[in-house]
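Participant: Here's a structure for you.
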């Protein structure tokens, strides 16, 4: 495994970021991206997550749906649901944490624990 790819169930751009922040404030229970909630607060990156990410030896890419589809259009882009965490090496890509499991992760600490445990295998 060369790296982990985190794909948010959201689209890139300032306009979408503002709409997402409003959605998190107005109706957090119906917000469609648990990965976003776990790694970011309303306006900035979660400090616990940021510390984990910065200390990790694993390369990590973070993409929105449109960025992922553009980057992996010919290979993998329409094979997955979002949010999702994928692994990638030179020749392959696979699921590291599937959407259904990611949506059940209760907090940032649990996400970090899950990633660390899977990396040990």
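Residue numbers (our numbering): 1 to 121. Note that the Cβ used here is the ideal one computed from N, Cα and C, for glycine as well. Quantities reported herein were computed from a predicted structural model and do not represent experimental measurements.
(1) Measure how close the beta-carbons of residue 132 and residue 60 come, nearest whole angstrom, since I'm counting them as under 8 Å.
(2) What span of residues does the beta strand (DSSP E) with residue 61 cover, start to end?
(3) Should residue 83 go down as buried or exposed, given a rule of 16 or more other Cβ atoms within 10 Å for buried?
(4) What do you reckon, are the CB atoms on residue 36 and residue 72 nearer than 8 Å?
(5) Short check: CB of residue 85 to CB of residue 34, under 8 Å?
Facilitator: The short version:
(1) Only positions 1 to 121 of the chain appear in this structure, which leaves residue 132 out of reach.
(2) 59-63
(3) buried
(4) no
(5) no
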